[in-house]
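Each step along the sequence shown adds one to the number in numbering that gives the first Met the number 0, with nothing skipped, and position 35 is 34.
Just so it is clear, CB atoms sit at the ideal spot from N, CA and C, and this is done for glycine as well.
What follows is a set of notes on a single structure, which appears directly below.
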Amino acid sequence: MIDLRSDTVTKPTPAMRQAMANAEVGDDVYGEDPTINRLEELGATMLGKEAGLFVPSGTMGNQICILTHTNGRSEEVILEEEAHIYVYEVAGMAVLAGCSVKTLPAPHGQLDPAAVGDAIRADNIHFPRTRLLCLENTHNRAGGTVMSVSRTQALSDVARSAGVAVHLDGARLFNAATALGVSAAELAGPVDSVQFCLSKGLSAPVGSLVVGSKPFIGEARRMRKLLGGGMRQAGVIAAAGIVALTEMVERLVEDHEHARQLGEAIAEMSPFSIDLETVQTNIVAFNVDPAFGTAPEVLDALQRFGVRANPVRPERIRMVTHAEISREDISRAIDALQETVRQGV
Ligand code: TLP
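Have a look at this one:
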């Protein structure tokens, strides 16, 4: 089975298994797990921030950051309307942090600094206080699109000049850095906090890192405890995270080449339409002509040819390339798509 549902399906590499077996561990709630301490320091250094925090998932990392940036009453968070935090995190921001949400449309996930400026609330007894702006890079639902350092900086300037903090959901930040040819630290430079995932394109089995200033991470550590994310001898999983950051970043370029190859082939298949501009990293999102069938129908047919992918809307399919997808798998996936077009659904 060629599994293109997500880069989350990647299994730990042999080097990760080895590192996990040999990991030195301790009780991390006491700050005594040397492997976790090493991973947190490495992640913070790679992103140019003072400190890091190992968390079980990207979702928990984002929610910890929102809880840490906000104060619990009558505050508002600005987000792009297709942001993962808004669409896929079970309204955690409302449930946990009690925040109101202001969403803005943004083609390709690229928020407009002027629109963000307009969305920041004036000081008025009727209004919530705008406390936080959340960005996403790469942007999942936009199809893995990247946000440049200069746009990140411009958005951050608008927010910070109004006293609004900036959080970056960088689940796939290393994919963005690879595609843009910049360092992850350059992309993280303009923002106050970043969550990035070890368990997606980087193939670790579990975990994300949150990075920011020392005081921010100190408070985030308390919020992680509040959510039940304080783990004990979790160095066994952090060890895989260290391998992810040291051995799995450079190969991301291959995933991007595979996505491009797949996207270009899909562009030639008439029942499908794809905006190749959005195929910038490891995600390929495309639409199905309703006269041909629905996304779930196409996916059922593809599964019979040994290919799995996910629907992201009734007429839209997402395919994600990753470390366990070879060039031959991409050719086979293209054959399966062509066969599906020939046979119908
Ligand atoms: N995204 C998953 C699903 O939740 C949709 C995927 O398969 O792409 N931020 C972004 C931008 C993400 O894409 C994801 C995961 C997360 C946060 C959450 O990470 P986890 O799954 O570790 O909670």
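Only residues of its own chain outside the window of five on either side were considered, and among them Leu52, Ile63, Thr67, Val209 have a CB closer than 6 angstroms to the CB of Ala219, listed in chain order. Using a Cβ distance threshold of 7 angstroms, Ala82 and His107 do not count as a contacting pair. Per DSSP, the unbroken alpha helix (DSSP H) holding Gly60 starts and ends at 57 to 68. Gly143 has its Cβ no nearer than 6 angstroms to any heavy atom of the ligand TLP.
In the DSSP secondary-structure assignment, Leu298 is not bridged to any residue. Gln279 carries a coil assignment under DSSP once its states are collapsed to helix, strand and coil.
Judged by their CB atoms, Ala158 and Leu132 are nearer to each other than the 7 angstroms cut-off. Among the bridge pairs identified by DSSP, Phe53 is matched with Leu208. Under the three-state reduction of DSSP output, Ala82 falls in the coil class, being neither helix nor strand. The DSSP-derived three-state label of Met0 is coil.
Here Val248 carries a coil assignment [DSSP, helix/strand/coil]. Taken from the Cβ of Asn139, at least one heavy atom of the ligand TLP lies inside 6 angstroms. Boundaries of the beta strand (DSSP E) around Glu135: 128 to 135. Contiguous beta strand (DSSP E) elements confined to the stretch 136 to 177 occur at 164 to 168, taking only those with 3 or more residues. Of the candidates Pro204, Pro13, Val163, Ala153, Val163 places its Cα closest to the Cα of Ile77. Between Val283 and Ala294, the C-beta spacing is not below 7 angstroms. Across the set Arg307, Met146, Lys10, the C-alpha of Lys10 shows the shortest separation from the C-alpha of Met247. For Val340, the uninterrupted alpha helix (DSSP H) segment begins and ends at 326 to 342.
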